[in-house]
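**Student:**
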Amino acid sequence: MIYFTRNEIDHFKEDGFVVKHDVVDRGLLDKAVECFWADMGVDRDSPESWVEGGAKPNLPCTNHPDVRATLTESPIQDMCEELVGKDTLNVSNYTFAKPVYPTGKPQDEWEPPKCGHLDGHGLVDGSVQRFTIAATVNMAEVKPKSGAFTVWPGTHRRVHEYFRNHSILTGLQSLQDEEGNWDDLPEAIENPGPPGTVVFWHNLMMHGPGNNYGTEIRMACVNRFSRKDLI
Numbered sequence: 002m003i004y005f006t007r008n009e010i011d012h013f014k015e016d017g018f019v020v021k022h023d024v025v026d027r028g029l030l031d032k033a034v035e036c037f038w039a040d041m042g043v044d045r046d047s048p049e050s051w052v053e054g055g056a057k058p059n060l061p062c063t064n065h066p067d068v069r070a071t072l073t074e075s076p077i078q079d080m081c082e083e084l085v086g087k088d089t090l091n092v093s094n095y096t097f098a099k100p101v102y103p104t105g106k107p108q109d110e111w112e113p114p115k116c117g118h119l120d121g122h123g124l125v126d127g128s129v130q131r132f133t134i135a136a137t138v139n140m141a142e143v144k145p146k147s148g149a150f151t152v153w154p155g156t157h158r159r160v161h162e163y164f165r166n167h168s169i170l171t172g173l174q175s176l177q178d179e180e181g182n183w184d185d186l187p188e189a190i191e192n193p194g195p196p197g198t199v200v201f202w203h204n205l206m207m208h209g210p211g212n213n214y215g216t217e218i219r220m221a222c223v224n225r226f227s228r229k230d231l232i
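Note that the sequence shown covers residues 2 to 232 in this note's numbering.
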């Protein structure tokens, strides 16, 4: 089965991400959402308790079978391999469960985050967790300005060029000037959408959660994949 158009593949190469809807069956998502509620430590019937929230990522349900099923019983890995090569990928992590709690701030004051981060580079212990492609899944509906997964398109290409001659522990410096200020970052793009919306993104993409000025908890899972021949 072919999942992506030629234009979508070109968009992934150029901008570092591509969005697809209705990737994961709603029945799988509903079971996963129940696991989020069990782990977040907030009162499901009291939205006031959601503001600035409870347990932070990654939730323990990251390892729950009903959460893992959103990956293992969906075409996500096959779709990733269509972008980077058939039968080339191993799962680097299963379904990191990541809620983003409402801030309680009014939506007319919303603005996108000023910057994001790179996964796996420059960790506190000096190690690197390398991977190839990732997929962020909306477990439930994510409305605009409500914590949606956010990317800075094209940053993967700048980071890649930087790593040709610099340490892979200092990737964010590729996006900064000599004084450490962010240097001409592209406009951040948030990716809201209904349950089952998936953002497929390059491993060197600057990304992060959006600012949640909505009323709901943003529930999403992140799956990362590495090439089998990655050393």
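Quick reminder that beta carbons are idealized off the backbone N, C-alpha and C, glycines included. Quick caveat: nothing in here was measured; it's all calculated off a predicted structure.
1) How big is the Cα-Cα spacing for K57 and F150?
2) If you drop the 5 nearest sequence neighbours on each side, which residues of the same chain put their C-beta closer than 8 Å to that of E53?
3) Hey, T156 and M206 are a contact pair by Cβ (cut 8 Å); roughly how many whole angstroms apart?
4) Could I get the ranges of all uninterrupted beta strand (DSSP E) runs contained in the region 37-118, with 3 residues as the minimum, in chain order?
5) How many Å lie between Y214 and N8 at the Cα?
6) Would you kindly work out how many angstroms separate the C-alpha atoms of R45 and E162, rounded to a whole number?
7) Strictly under 8 Å for the Cβ-Cβ distance: is N192 near chain D by that measure?
8) Can you grab the Cα-Cα spacing for the pair S50 / N139, in whole Å?
9) Helix, strand or coil: which one does DSSP assign to N213?
10) Look up G208 in the DSSP assignment and say whether it is helix, strand or coil.
11) Helix, strand or coil for I3, going by three-state DSSP, please let me know.
12) Please report the Cβ distance between A141 and V34, rounded to the nearest whole angstrom; I am assuming they are in contact, meaning their Cβ atoms lie under 8 Å.
13) Using the three-state DSSP reduction, which class does H167 fall into: helix, strand or coil?
14) Is it true that the region 75-90 meets the region 4-23, where meeting means three or more beta-carbon pairs spaced less than 8 Å apart?
15) Report buried or exposed for A221, applying the criterion of at least 16 other Cβ atoms within 10 angstroms of its Cβ.
16) Note down the Cα distance separating G121 from L170, rounded to an integer number of angstroms.
**Tutor:** Straight from the coordinates:
1) Stepping through the sequence shown from its first residue, residue 57 is reached at position 56. Stepping through the sequence shown from its first residue, residue 150 is reached at position 149. Between K57 and F150, the C-alpha separation is close to 16 Å.
2) For the purposes of this step, residue 53 is identified with residue 52 of the sequence shown, where counting begins at 1. In its chain, beyond the 5 residues on either side, Y102, P103, T104, G105 have a beta carbon closer than 8 Å to the beta carbon of E53.
3) Here residue 156 refers to the residue found at position 155 of the sequence shown. Here residue 206 refers to the residue found at position 205 of the sequence shown. Going by Cβ atoms, the distance from T156 to M206 rounds to 6 Å, so yes, they are a contact pair.
4) With a minimum length of 3 residues, the unbroken runs of beta strand (DSSP E) contained wholly in the region 37-118 fall at 90-101.
5) In the sequence shown, counting from the first residue as 1, residue 214 sits at position 213. In the sequence shown, counting from the first residue as 1, residue 8 sits at position 7. Taking C-alpha positions only, Y214 is separated from N8 by approximately 33 Å.
6) Counting from one through the sequence shown, the residue named residue 45 turns up at place 44. Counting from one through the sequence shown, the residue named residue 162 turns up at place 161. Their Cα atoms are separated by approximately 46 Å.
7) In the structure shown, chain D cannot be found, because there is only a single protein chain.
8) Numbered from 1 along the sequence shown, position 49 holds the residue referred to as residue 50. Numbered from 1 along the sequence shown, position 138 holds the residue referred to as residue 139. One C-alpha to the other measures close to 22 Å.
9) The sequence position of residue 213 within the sequence shown is 212, counting from 1. Looking at N213 - three-state DSSP - the assignment turns out to be strand.
10) Looking up residue 208 in the sequence shown gives position 207. Note that residue 208 is His in the sequence shown here, rather than Gly. It is a strand residue.
11) As a working note, residue 3 is residue 2 in the sequence shown. Coil, per DSSP.
12) Reading the sequence shown from its first residue, position 140 is the one you call residue 141. Reading the sequence shown from its first residue, position 33 is the one you call residue 34. Contact flag correct, Cβ pair sits at about 5 Å.
13) Along the sequence shown, one-based indexing puts residue 167 at 166. H167 carries a coil assignment under DSSP once its states are collapsed to helix, strand and coil.
14) They touch, by the three-pair rule.
15) Along the sequence shown, one-based indexing puts residue 221 at 220. Buried is the call here.
16) The count along the sequence shown starts at 1 and reaches residue 121 at position 120. The count along the sequence shown starts at 1 and reaches residue 170 at position 169. G121 and L170: Cα-Cα distance of roughly 9 Å.
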